[in-house]
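**Student:** Let me give you the structure first, and then I'll get to my questions.
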Amino acid sequence: MTLIGPTPVHRAAAPSTIGPSLHAPFILDLPCGLNTKSFVAPRSDQLHGCFNEPDAILHCSIILSGACSMTTNGKSHHFQARDVILATLHQQTFSFENSDEFSALEIHVPGHFLKTMQLPVSEKIECQAVELQSKTFKVARELFLLSQNNATGAASCTAPEQLIRFGLATTLLGYALTHTSPKTATPPAYSPIPLEKVRQALLQRYDRAPAITDLAQMCQVSPTRLKQAFKKQFGCGPYSFYQIHRMEHASRLLHSNSVTETAMELGYSNISHFSAAFQKQFGCTPSQWQRTMGTKPDITS
């Protein structure tokens, strides 16, 4: 997990590194103190840090592809493609993780612009899903592409080009405020997570657990959202579920296999680690289990 400090840290990235991760977004400075950040992350990632801009800033974000989770003030929020998010963030710590093939556009709106335009701002994080063919999503994609084409900022833009970018940003902000206003805001409708598919993947083999990031990518959700949904459904996290069934399988193998053979079949290179995991679940070592079951004990416990 990477620690991210103030927003200006992003500006120190070398031109050759801009764009391929959350840590080096494409940044576009606009008139009136606005700026946009375009994030592209081909692989899942995690980071945490602090929103420590000097003044409260409205973050207007739209997820273009993939999914992500953010935790701040002790609350977790989960977002997926075509979600529009509004959040006023100031002096708050956060943790963030994204799925594979993640991309998003974010507009930073300073407080003086909000006051001048008399725009309503909520202290809560608000979210609203939009349609693929909606004007909101089309404008976001156009601004996202323009930001990538002009990664060095406003200096290389002509005045008309800068005006176009500013117009797109304010248009997107207007759409976002309309979609997420208190009168119309509704929780986004998420597709059900195929938890049975996850369960089957976990139990497919006992010598190696699938990575949580791979399971999350299979379901097109963030790892945090997958773990929370899985625990709600099965009463424990994915890895705990896997380990419970792994040790139950071990108890069956011990009827005919030695402790060493069982440990090796389950992917343990260290017999003591296997014994500790078995004892944690059953309260006895594998050799003690064999004696209780009346099978021939192994000299290694």
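Residue numbers are given in the UniProt record's numbering: position 155 of the sequence shown equals residue 155, and the series is strictly consecutive.
Each residue gets a CB set at the ideal place from its N, CA and C atoms; glycine is no exception.
Just so you know, these numbers come straight off a predicted model, no measurement behind them.
Taking the C-alpha atoms as reference points, what is the distance between Gln281 and Pro42?
**Tutor:** Spanning the two alpha carbons is a distance of roughly 38 Å.
**Student:** Is the CB-CB distance between Thr224 and Ser69 below 7 Å?
**Tutor:** It is a contact, given that the beta carbons lie within the stated cut-off.
**Student:** By the DSSP assignment, the beta strand (DSSP E) with Ser287 in it spans what residues?
**Tutor:** Here Ser287 belongs to no beta strand (DSSP E); instead the alpha helix (DSSP H) covers Pro286 to Met293.
**Student:** Please determine if the stretch 231-249 and the stretch 201-219 are in contact, where contact requires at least 3 C-beta pairs separated by less than 8 Å.
**Tutor:** Yes, since at least three Cβ pairs between the stretch 231-249 and the stretch 201-219 fall closer than 8 Å, the two stretches touch.
**Student:** Please look up how many angstroms separate the CB atoms of Ala104 and Ser61, rounded, as I've assumed it's under 8 Å.
**Tutor:** With a Cβ gap of about 6 Å, Ala104 and Ser61 count as contacting.
**Student:** Let me know if Asn270 comes out buried or exposed under the rule of 16 or more other beta-carbons within 10 Å of its beta-carbon.
**Tutor:** Classification for Asn270: exposed.
**Student:** Which residues mark the beginning and the end of the beta strand (DSSP E) in which Cys127 is found?
**Tutor:** Where Cys127 is concerned, the enclosing beta strand (DSSP E) stretches over Glu126 to Ala129.
**Student:** With distance defined between alpha-carbon atoms, name the residue in His273, Thr71, Glu196 and Asn35 nearest to residue 303.
**Tutor:** Here the chain covers residues 1 to 301 and nothing more, so residue 303 does not appear.
**Student:** Using the C-alpha atoms, what's the distance from Gly49 back to Ile4?
**Tutor:** In this predicted model, Ile4 has a pLDDT of only 42, less than 50, meaning its place in the structure is not dependable; the value taken from the coordinates is given anyway. So the two alpha carbons sit approximately 5 Å from each other.
**Student:** Check for me: the alpha helix (DSSP H) holding residue 304 runs from which residue to which?
**Tutor:** Any property of residue 304 remains undetermined from this structure, which presents the chain solely from 1 to 301.
**Student:** Just reading off the beta strand (DSSP E) that Ala263 is part of, what are its end residues?
**Tutor:** Segment Val259 to Glu265 is the alpha helix (DSSP H) holding Ala263; no beta strand (DSSP E) there.
**Student:** Which value, in whole angstroms, describes the spacing of the CA atoms of Met247 and Gln220?
**Tutor:** Using only the alpha carbons, I get a separation of about 29 Å.
**Student:** Quick one: give me the first and last residue of the alpha helix (DSSP H) that Ser147 is part of.
**Tutor:** Taken as a continuous stretch (DSSP letters only), the alpha helix (DSSP H) holding Ser147 covers Lys135 to Asn149.
**Student:** Among all the DSSP beta bridges, which residues are the ones paired with Ala41?
**Tutor:** In DSSP, Ala41 forms a bridge with Phe102.
**Student:** Assuming Val109 and Leu58 make a contact with CB atoms under 8 Å, what is their CB distance in whole Å?
**Tutor:** So it is a contact: roughly 4 Å between Cβ atoms.
**Student:** Return helix, strand or coil for Asp207, following the three-state DSSP convention.
**Tutor:** Coil, per DSSP.
**Student:** Could you tell me which of Thr292, Val198, Phe137 and Ile107 sits nearest to Gln228, measuring between CA atoms?
**Tutor:** Ranking the options by Cα distance to Gln228, first place goes to Val198.
**Student:** Using a Cβ-Cβ cut-off of 7 Å (strictly less than) and excluding sequence neighbours within five positions of Leu64, which residues of its own chain qualify?
**Tutor:** The answer, listed in chain order, is Ala81, Ser103, Ala104, Leu105, Ala140, Arg141 and Phe144.
**Student:** In angstroms, rounded to a whole number, what distance separates the CA positions of Leu47 and Gly294?
**Tutor:** Rounded to whole angstroms, Leu47 to Gly294 spans 51 Å at the Cα level.
**Student:** Between the Cα of Gln148 and those of Gln233, Ser38, His78 and Glu265, spot the shortest distance and give me the residue it belongs to.
**Tutor:** Checked all of Gln233, Ser38, His78 and Glu265; the closest Cα to Gln148 is Ser38.
**Student:** Leaving out five residues before and five after Leu168 in sequence, what residues of the same chain have Cβ atoms less than 8 Å from its Cβ?
**Tutor:** Within the same chain, Leu168 has close Cβ partners Val139, Glu142, Leu143 and Leu146.
**Student:** Quick one: what's Lys75 bridged to in DSSP?
**Tutor:** DSSP lists Thr72 as partners of Lys75.
**Student:** In the DSSP assignment, what are the bridge partners of Thr36?
**Tutor:** Its beta-bridge partners are Leu28 and Ile107.
**Student:** Gly167 by DSSP, collapsed to three states: which one?
**Tutor:** Helix.
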